[in-house]
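Asks: This is the structure I want to talk about, given as structure tokens.
Number of protein chains: 2
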Amino acid sequence: MMEIRRCRKMTSKPFGVNLTLLPALQPPDYPAYARVIIEEGIRIVETAGNNPAPVIKQLKAADPPIIILHKCTTVRHALSAIKLGVDFLSIDGMECAGHVGETDITNFILLSRARQELNVPFIASGGFADGQGLAAALSLGAEGINMGTRFMCTIEAPIHQNIKESIVKAQETDTELVLRRWKNTSRMFSNKVARDAIKIERESPTGKFEEVAPYVSGKRGREVFLNGDPEHGVWTAGQVIGLIHDIPSCADLISRIEREALDTINKAKSLYVEELPESDMEGKPIQDSSANPTGEYGAVGSKVNNPQSEVWGIGKSKL
Amino acid sequence: MMEIRRCRKMTSKPFGVNLTLLPALQPPDYPAYARVIIEEGIRIVETAGNNPAPVIKQLKAADPPIIILHKCTTVRHALSAIKLGVDFLSIDGMECAGHVGETDITNFILLSRARQELNVPFIASGGFADGQGLAAALSLGAEGINMGTRFMCTIEAPIHQNIKESIVKAQETDTELVLRRWKNTSRMFSNKVARDAIKIERESPTGKFEEVAPYVSGKRGREVFLNGDPEHGVWTAGQVIGLIHDIPSCADLISRIEREALDTINKAKSLYVEELPESDMEGKPIQDSSANPTGEYGAVGSKVNNPQSEVWGIGKSKL
Numbered sequence: 001m002m003e004i005r006r007c008r009k010m011t012s013k014p015f016g017v018n019l020t021l022l023p024a025l026q027p028p029d030y031p032a033y034a035r036v037i038i039e040e041g042i043r044i045v046e047t048a049g050n051n052p053a054p055v056i057k058q059l060k061a062a063d064p065p066i067i068i069l070h071k072c073t074t075v076r077h078a079l080s081a082i083k084l085g086v087d088f089l090s091i092d093g094m095e096c097a098g099h100v101g102e103t104d105i106t107n108f109i110l111l112s113r114a115r116q117e118l119n120v121p122f123i124a125s126g127g128f129a130d131g132q133g134l135a136a137a138l139s140l141g142a143e144g145i146n147m148g149t150r151f152m153c154t155i156e157a158p159i160h161q162n163i164k165e166s167i168v169k170a171q172e173t174d175t176e177l178v179l180r181r182w183k184n185t186s187r188m189f190s191n192k193v194a195r196d197a198i199k200i201e202r203e204s205p206t207g208k209f210e211e212v213a214p215y216v217s218g219k220r221g222r223e224v225f226l227n228g229d230p231e232h233g234v235w236t237a238g239q240v241i242g243l244i245h246d247i248p249s250c251a252d253l254i255s256r257i258e259r260e261a262l263d264t265i266n267k268a269k270s271l272y273v274e275e276l277p278e279s280d281m282e283g284k285p286i287q288d289s290s291a292n293p294t295g296e297y298g299a300v301g302s303k304v305n306n307p308q309s310e311v312w313g314i315g316k317s318k319l
Numbered sequence: 001m002m003e004i005r006r007c008r009k010m011t012s013k014p015f016g017v018n019l020t021l022l023p024a025l026q027p028p029d030y031p032a033y034a035r036v037i038i039e040e041g042i043r044i045v046e047t048a049g050n051n052p053a054p055v056i057k058q059l060k061a062a063d064p065p066i067i068i069l070h071k072c073t074t075v076r077h078a079l080s081a082i083k084l085g086v087d088f089l090s091i092d093g094m095e096c097a098g099h100v101g102e103t104d105i106t107n108f109i110l111l112s113r114a115r116q117e118l119n120v121p122f123i124a125s126g127g128f129a130d131g132q133g134l135a136a137a138l139s140l141g142a143e144g145i146n147m148g149t150r151f152m153c154t155i156e157a158p159i160h161q162n163i164k165e166s167i168v169k170a171q172e173t174d175t176e177l178v179l180r181r182w183k184n185t186s187r188m189f190s191n192k193v194a195r196d197a198i199k200i201e202r203e204s205p206t207g208k209f210e211e212v213a214p215y216v217s218g219k220r221g222r223e224v225f226l227n228g229d230p231e232h233g234v235w236t237a238g239q240v241i242g243l244i245h246d247i248p249s250c251a252d253l254i255s256r257i258e259r260e261a262l263d264t265i266n267k268a269k270s271l272y273v274e275e276l277p278e279s280d281m282e283g284k285p286i287q288d289s290s291a292n293p294t295g296e297y298g299a300v301g302s303k304v305n306n307p308q309s310e311v312w313g314i315g316k317s318k319l
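As they're listed, the protein sequences go chains A and B. Using full-length UniProt numbering, the letters of the first sequence map in sequence onto residues 1 to 319. Using full-length UniProt numbering, the letters of the second sequence map in sequence onto residues 1 to 319.
As structure tokens, then:
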């Protein structure tokens, strides 16, 4: 409630609340969270995690019903969430930060599967930092992108400058998957704590969670963002850290992404050149590209002799 | 040499040869392979695998030098290959079939990293089956796509019909990563042999390759394609099997992909609507979108009042 009221003071614009339902020894009182969200007049909630049915039912029973964006890492869970009445989905590939799920399907596959199967709109999560990524997500069928790690690396993000700089310095290979053994796989920034946790996870003969618990403490993880010591605990980061090279303002970041996406789409569009009508050539039909006597390569879909055509590309590529 | 001559009989078009350099107890005579490739007048070679330097040197010493496409799963290896003189690269994300490498970077990240770092052109491998994927790959900076699993599922592919139908029936979750323990991780179709291999790999206290060797026999894997029994041995398949739903001819597949890619790019382009010049509105400049008195959401990059603008999207999205 405090955070909702704090956010309301900071902007006159609408905002959403995330409610992630995680397995825990002592689960938080999620119904109470949902009640506060409704009472505070929030209109959009992002749900994620296990067994969202009761919370979705509660939020949908509000008057008017709350708009629900559900985040998931499999098409199967997305289809279940649609049956529960969610309004749109956030499709989260295995490149993402935090909970990646247990199937390790990448966004190139997962977004296309979502396009093929889902009858509600979806946005793309996990792996996005720039306009080229936005253009690619739109190509695969998403309505937009969701960025977590990238926004951590902005001037406005309320985390320690050291952590922002750690992200800028990091490469795409500097993340680890921890807690797979307990089917709660999370992508974390690669530091000694995370690597020690994985070692215990792999080598412990008992497989008792208690052995790894001190290493994956959420409390110490949250302290990282305040004290600026990237080695203090485990903290989430996506593979996208490899694509992040600066710490802009949110406004600069968004307008850069917009410009990049537009340039990207225009460039892709420019690759396609209309085929000339066959009669424009020599007045006789040419059946297939094997009738092309001089082209070194047969162009994809080429029906006319075009010495500039290439092996790959669409239509008559200018590449 | 036999295969090169067989291929030459089947087409008058140029074709390339793949030379994958794998760790093996008794390595094949790769220099002899390269010699035959040169003698047969092949002009394009795709190299992949470990320690390609000697073979690349040999192929580049041919007169004229052979054009080399090198396939790799990390930016680091791509940069090394460029130093060795390769002409272009095939960037292979962890969703791919067969050798995925050991870093598990997905194509959304890896292609963007390639765009940021490489000064030679690259195509995208791993996870491609349709025109939406091609459009996304072009967006991320690739010059085109490379398809393996998708072409296995065409009328012309010289493999048993049962295997093609197994791919059509399979979901994106029906692959397994085997041989990670020996740093030779391969993505295989999920059958009992592959799952048994993984069980041994995980549970063997010795970690001796001999224990798993009978399960990952390449000979039995190749027999699968002839005898049509998907359970006979391990055989490679990418996560993209989840996107494959039919067995078209190659010509139909290619023209479908071309049409889908063009439609996809046109649709992405149509999402962007030019901002109206500010003077067209009320003759006075509007500093930022918070000055927008009526829009329920602030549009990304919006400078003018547009009640149809939305939270996500580029420019003034029509979504």
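Beta carbons: idealized from backbone N, C-alpha and C, even for Gly.
Between residue 37/B and residue 17/B, what straight-line distance do the alpha-carbon atoms span, to the nearest angstrom?
Replies: Taking the straight line from one Cα to the other gives about 8 Å.
Asks: For residue 127/B, go through chain A and note every residue whose CB falls closer than 7 Å to its CB, in chain order.
Replies: Simply 106, 108 and 109.
Asks: Can you list, in chain order, the residues of its chain with a C-beta nearer than 8 Å to that of residue 89/A? Leave out the 5 residues immediately preceding and following it.
Replies: Around residue 89/A: 69, 70, 71, 72, 78, 81, 82, 114, 118, 120, 121, 122 and 123.
Asks: Quick check: is the beta carbon of residue 206/A nearer than 8 Å to any beta carbon in chain B?
Replies: So no, residue 206/A is outside the interface.
Asks: Does DSSP put residue 88/B in a helix, in a strand, or in coil?
Replies: It is a strand residue.
Asks: If we ignore side chains and look at the alpha-carbon of each, how far apart do residue 15/B and residue 97/A end up?
Replies: Spanning the two alpha carbons is a distance of roughly 42 Å.
Asks: Is the shortest distance between the beta-carbon of residue 269/A and the beta-carbons of chain B less than 8 Å?
Replies: Residue 269/A counts as touching chain B.
Asks: Please identify the residue among 163/B, 48/B, 74/B and 40/B whose C-alpha is closest to the C-alpha of residue 62/B.
Replies: Selected option, being the one with the closest Cα: 40/B.
Asks: Can a CB atom of chain B be found closer than 8 Å to the CB of residue 242/A?
Replies: Yes, residue 242/A lies at the interface with chain B (some Cβ there is under 8 Å from its Cβ).
Asks: Can you find a C-beta in chain A that's less than 8 Å from the C-beta of residue 4/B?
Replies: No, residue 4/B lies away from the interface with chain A (no Cβ there is under 8 Å from its Cβ).
Asks: If residue 107/A and residue 126/A are in contact, beta carbons under 8 Å, what's the gap, nearest whole angstrom?
Replies: Yes, residue 107/A and residue 126/A are in contact; Cβ-Cβ is about 6 Å, under 8 Å.
Asks: For a test of the three-state rule: what should DSSP assign to residue 99/B, helix, strand or coil?
Replies: Strand at residue 99/B.
Asks: For the segment 30–41 of chain A, which residues have a CB atom closer than 8 Å to at least one CB atom of chain B, in sequence order?
Replies: Correct list: empty, as no residue qualifies.
Asks: Based on the DSSP output, what are the partners of residue 46/A in its beta bridges?
Replies: According to DSSP, residue 46/A bridges with 18/A and 69/A.
Asks: Along the chain, where does the beta strand (DSSP E) containing residue 254/B start, and where does it finish?
Replies: Residue 254/B -> not in any beta strand (DSSP E); alpha helix (DSSP H) instead, spanning 250–270.
Asks: Is the Cβ-Cβ distance between residue 194/B and residue 241/B less than 8 Å?
Replies: For residue 194/B and residue 241/B, no; Cβs fall outside 8 Å.
Asks: Taking buried to mean at least 16 other C-beta atoms within 10 Å of its own C-beta, is residue 31/A buried or exposed?
Replies: Classification for residue 31/A: exposed.
Asks: When you compare only the Cα positions, how much space is there between residue 24/B and residue 222/B?
Replies: Those two C-alpha atoms are separated by around 17 Å.
Asks: Excluding the 5 residues preceding and the 5 following residue 288/A in the sequence, name in chain order all residues of the same chain whose CB lies nearer than 7 Å to its CB.
Replies: With a pLDDT of only 44 at residue 288/A, under 50, the local geometry of the prediction cannot be trusted, and no value is derived from it.
Asks: Just to confirm, are residue 185/A and residue 237/A a CB contact at a threshold of 8 Å?
Replies: The answer is no: Cβ separation not under 8 Å.
Asks: Under 7 Å Cβ-Cβ, which residues of chain B neighbour residue 135/A?
Replies: 139 and 268, listed in chain order.
Asks: Looking only at its own chain, which residues have a Cβ that is under 6 Å from the Cβ of residue 6/A, when we skip the five neighbours before and after it?
Replies: The answer is none, since no qualifying residue turns up.
Asks: DSSP beta-bridge partners for residue 175/B?
Replies: According to DSSP, residue 175/B bridges with 189/B.
Asks: Is residue 244/A helix, strand or coil by DSSP?
Replies: Correct three-state label for residue 244/A: coil.
Asks: What in chain A is Cβ-close to residue 95/B, meaning under 7 Å?
Replies: Those within 7 Å of residue 95/B in chain A are 106, 108 and 109.
Asks: For a cutoff of 8 Å on Cβ pairs, would you count residue 87/B as touching chain A?
Replies: Output row for residue 87/B: interface = no.
Asks: Go ahead and label residue 191/A buried or exposed: buried means 16 or more other beta carbons lie within 10 angstroms of its beta carbon, across all protein chains shown.
Replies: Buried, because 16 or more other Cβ atoms sit within 10 Å of the Cβ of residue 191/A.
Asks: For residue 247/B, decide whether its Cβ has a neighbour in chain A, counting only Cβ atoms nearer than 8 Å.
Replies: Residue 247/B does not count as touching chain A.
Asks: Quick check on the DSSP output: the beta strand (DSSP E) that includes residue 204/B runs from which residue to which?
Replies: Unbroken run through residue 204/B: none, as it is neither H nor E.
Asks: Classify residue 263/A: buried if its beta carbon has 16 or more other beta carbons within 10 angstroms, exposed otherwise.
Replies: Its Cβ having fewer than 16 others within 10 Å, residue 263/A is exposed.
Asks: From residue 101/B to residue 150/B, what does the alpha carbon distance come to, in whole angstroms?
Replies: Each residue's Cα considered, the two are about 21 Å apart.
Asks: With distance defined between alpha-carbon atoms, name the residue in 164/A, 33/A, 104/A and 91/A nearest to residue 239/B.
Replies: Considering only alpha carbons, the answer is 104/A.
Asks: Closer than 8 Å, CB to CB, is residue 66/A near chain B or not?
Replies: No - not a single Cβ of chain B is within 8 Å of the one on residue 66/A.
Asks: By how many angstroms is the C-alpha of residue 4/A removed from the C-alpha of residue 213/A?
Replies: Using only the alpha carbons, I get a separation of about 30 Å.
Asks: Should residue 90/B be flagged as near chain A, meaning a C-beta pair shorter than 8 Å?
Replies: No - not a single Cβ of chain A is within 8 Å of the one on residue 90/B.
Asks: 8 Å is my cut-off, CB to CB: does residue 203/A come that close to chain B?
Replies: Cβ-Cβ to chain B under 8 Å: no for residue 203/A.
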